[in-house]
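The block underneath contains the structure these notes are about, expressed in structure tokens.
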Amino acid sequence: MESEDIGDDQITASSSFDYESVGPQNARIRTEKASGAWCPKLQIRNGSYEFIQVNFNQTQIIRGIETQGRYGNGTGREFAPQYLIDYWRTGNTWVRYRNRTGHQLMTGNFDTVTAVLRSLDPPIIGAKIRLVPFSLQTRTICMRIEIHGCGYEDGLVSYTLSNIGSKNGAKDFSDKFLIEANESKGGDPKKGLGLLFDGNIAETTPNTSNKSFDWIGWNRTETGGSVEILFEFDRTKNFTDIELNVFGSPKTKVAVDLSTNGQIYYNSNSIASKTGIDLKVKSPGLYTIQLPLFSTRARYIRIGLQFEDEWFYISEVNFNTGKNISIVKTELSLKEQAGSLLKSALLSKTIDENGTEEVHLFSLYYILIAVLVLLFIFLCLIFCILIFVQRSHTKKKSSSSNSSKCVLVTSLKSNGMPRHIIHSNASLNRHPEIFHGNFYIADQLNGSTQKILGGNTTSSRSTSESFNKDKPPSLLDIHFPPPPSYNSSDGVYSEPPPTTPLLANSIPSSIRSFPRKPKVPPRRASHESLARQNRTLPSRPTESSELHYAATNISFATKSSDQLAQIPQVSKHLINRRQKIGEGKFTVIHICDCLGVNRPTCIKSLKDSDNEAAKKALISEAKILSAMDHPNIIKFYGVDEDLGLVLECMSCGSVRDFLQREPHIKSDHKSLVHICTQISSGMKYLEERRIVHGHLSPRNCLVEKNLHVKIASTRGPNHHAQLRYSAPESIILNAWSHKSDVWSFGVSAWEILHGCDTTPFSGLSNAELIENAQNILNRISPTICLEFQSNFHKESSEWKSWNETMELIKECWNSDTSSRPNFLEVQLFLTRKNMDFSLNRALSNTIPQLPK
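In my numbering, the protein residues as written are 166 to 1017.
Here it is as structure tokens:
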């Protein structure tokens, strides 16, 4: 459950108080999903039957049940002090579990935090299991559970035996577990799985044992000294031997019959005699009977027992496969003697005290190992020869086409027109520094919509204007498109549209490498603040100068209908558009009513249905969101025929707008950390799914009225990133990873913890931001970092928490990506730092919502 090997669709319940918050999918132990547990709709009282059910899809051995109450981030008070267990194996019958001491009621929890593990003896073999909370007094109960066990590989479906003659005065030696799990619909004999296959071998005799759950017994008076047991398996198997752990006379006769279809039985030749079986005596009367079956194929095994004593008892039956085959010693024929010399060199033989000859492989193992080693060496030689031939061919081919290789540099002029510069091979040799940027090798561009000029280029040439071939443009010559206004009313669901990328998304390592200094510890803001750099920075940038840039691969747009094949569809006739709440360059957002969705929704649609770039970004977002299912990721319901995305409507807007409207939340440090914790939880989920967000910022994080935060606009490779929140390697190398998302999270958390009053790097222009990113990557001083400001007293506990949180954020800005924490570490740290957070206190004032 905790590891999510069991899917949400495998967990059901008789009822739920509220499916979204306390449904069975939230009942994973040590996990805080939604409200943190499963809670039935009705209170539990004596005689009620509410349950949570887990379907395994195949038979499992369940050896333990672990339960926990509802913690709910400190708000939960509900737990189950006792519970019952029902299980289902075959047919349509549910069986109530009883342990070896005869008890059905299991002891549960005594608080909402402590997880209590109860071992099951005997273990349960079943494909479904139900936990039924129990209480004598009426009470509210919530549960989180874990199932401990493994797959059932033995394959025994059931056995059939009679309990006639199993009473011995006050003691009852019948198979009590088999009686309760009887699959023969009443009567005698009984069919199912019981004491003979519970994994428990009795160590004491039936007469001295204080409990009758160890032995099954029959008396000779009522049975006539004859008992028959039929075993059925799920498939035909090769059986080497059977072990019976019994108590009685060694003169007991045993006969074994086998069948593959359950209709025709044949004898296994191990018939009812002391010389045909192996007896392993443990103590007087207590011994193990081993019956060899010589790797015989069978699905049904019938064991007949004939005993002369007054009573005969069995504790456990084991079926073995895959052991060495014991061969009864016979005289060798003339033909066998001819090959005996060869066999003696390869095989070793041992003869036991009963005259049984056991055959073991000896020298043959060494011969096989030597052959395999020689074969491996031979294959390695062939592989090396092939690689050598291929490399020689590649060198010849590359040397012949070396003169035609060139580098294409694409940038934008100040008037927005593209500028293409092609550098020849000779120019590259004279100016190797051109490789220190984000440029393509012309013959490595695949899928680009730009035309690459080929041929034997001998001089630098531009398709749009002449350019000095000896002076390649610097990174600062590239003009990025302006961003939307910081205080724009585009809406919390709209995002900047995708544009043609100016930097390559996948760059050969030989091109993007540049000289680096040895690794040094990450610089902190306290040592590299703006004041200590003694630099005069420009004033806060205007709204049009904040830099957004695209990082999407160029490819020709395919038909939308083909790309939407795997995305949930919603008919536009079910959607009623209402008030517009946001507008972007290419998209518009409306609040809407969607038939079949019982919560507020909105629809994000295109302004121009012919814009292929906007279509591609919207389809990418829909594909990613359709595979997402997490409480901190915005819910996606489907896409209509006009490529409109039906999304969950968050009542309070973006985190940035929300904090600017709510001063009491902005001034509460614990509420701000609570917001950051939820963002890290959503990013941890994306990290686990190997999805890079690429443009995380407070504007893309949305808030509900209960201070629940969800991440929006998850577009994967089709993101439209923002310079002020992007990592240096993303700005300079166009390299995007979960570690670059960690940098963006650190910048977003810095802005949130400062109440979203200040734009990150507000004193830097776009060109200075790019220069600063290059200095960070090259480890060249000076570099500029964000400063932290706090009103807490340095001796207070709030200052200590603030300081430790700031240290974590600084680690997110490490220039070495491998030294940055992952989102699991970030989420765990913030959760522990904010364990005393009270949602009720934070929500003491009314939080306004979006208009309905």
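Don't be surprised by glycine CBs; every beta carbon is placed ideally from N, CA and C.
Between the options, which lies nearest to residue i when the distance is taken from Cα to Cα?
i	options	result
residue 848	904, 829, 811	904
residue 916	546, 841, 973, 963	841
residue 994	967, 445, 213	967
residue 198	862, 452, 167	167
residue 481	258, 264, 451	451
residue 289	965, 262, 220	262
residue 340	362, 334, 781	362
residue 760	736, 769, 972, 773	736
residue 1038	406, 203, 400	Only positions 166 to 1017 of the chain appear in this structure, which leaves residue 1038 out of reach.
residue 205	181, 196, 324, 888	181
residue 365	819, 378, 758, 928	378
residue 324	310, 423, 343	343
residue 298	287, 285, 243	243
residue 360	373, 326, 336, 333	326
residue 874	844, 743, 948	844
residue 254	744, 953, 358	358
Let me know the secondary structure DSSP gives residue i once reduced to three states.
i	result
residue 795	coil
residue 879	coil
residue 570	Its pLDDT being 46, under 50, residue 570 is placed unreliably in this model, and the value from its coordinates should be taken loosely. Three-state result, residue 570: coil.
residue 271	strand
residue 553	helix
residue 196	coil
residue 208	coil
residue 186	helix
residue 452	strand
residue 866	strand
residue 308	strand
residue 978	coil
residue 924	coil
residue 366	coil
residue 530	helix
residue 948	coil
residue 648	Residue confidence for residue 648 is low, a pLDDT of 38 falling below 50, so the modelled location carries little weight; the figure read from the coordinates is stated next. The answer is coil: DSSP assigns residue 648 none of H, G, I, E or B.
residue 302	coil
residue 661	Since pLDDT at residue 661 reaches only 39, below the 50 mark, its modelled position is unreliable, and the value read off the structure follows with that caveat. It is coil, neither helix nor strand.
residue 890	helix
residue 602	Note that residue 602 has pLDDT 37, beneath the 50 cutoff, so the model's placement of it is unreliable and the number below is only indicative. Three-state result, residue 602: coil.
residue 901	coil
residue 954	coil
residue 419	strand
residue 333	strand
residue 776	coil
Do we get a CB-CB distance below 8 Å when we pair residue i with the residues of chain B?
i	result
residue 265	Included in the structure is just one protein chain, with no chain B present.
Who are residue i's beta bridge partners in DSSP?
i	result
residue 484	407
residue 225	291, 316
residue 253	259, 293
residue 963	In the DSSP output, where bridge partners are listed per residue, residue 963 has none listed.
residue 424	465
residue 999	Partner(s): none; residue 999 has no beta bridge.
residue 232	281, 310
residue 768	755, 811
residue 357	324
residue 217	178, 296
Any contact between the region 808-815 and the region 897-915? By contact I mean 3 or more CB pairs, one from each, below 8 Å.
no
Counting only runs of 3+ residues fully inside the region 728-754, write out the beta strand (DSSP E) ranges in chain order.
740-748
Of all the beta strand (DSSP E) runs that stay within the bounds of the region 370-403, which reach a length of 3 or more residues?
381-384
List, from N- to C-terminal side, the alpha helix (DSSP H) runs of 4 residues or more that fit wholly inside the region 790-858.
820-826, 828-831, 834-853
Whether or not the region 938-954 and the region 893-901 are in contact is what I'm after, with contact meaning three or more pairs of Cβ atoms, one per stretch, closer than 8 Å; do they touch?
yes
Do the region 289-305 and the region 213-231 touch if we need at least three Cβ pairs shorter than 8 Å?
yes
Three-pair Cβ contact test at 8 Å for the region 822-834 versus the region 803-810:
no
Under 8 Å, with one C-beta from each stretch per pair, do the region 400-412 and the region 471-480 reach the 3-pair mark?
With three or more CB-CB distances shorter than 8 Å, the region 400-412 counts as touching the region 471-480.
Cβ pair count under 8 Å reaching 3, the region 238-248 against the region 260-275
yes
Examine the Cβ distances between the region 1001-1009 and the region 976-991 and report whether three or more of them are shorter than 8 Å.
no
I'd like to know if the region 376-394 and the region 460-472 are in contact, where contact means that at least 3 CB-CB pairs between them fall below 8 Å.
As far as the Cβ criterion goes, the region 376-394 touches the region 460-472, which means the pair count is three or higher.
Would you check if there are 3 or more beta carbon pairs closer than 8 Å linking the region 859-871 to the region 773-781?
no
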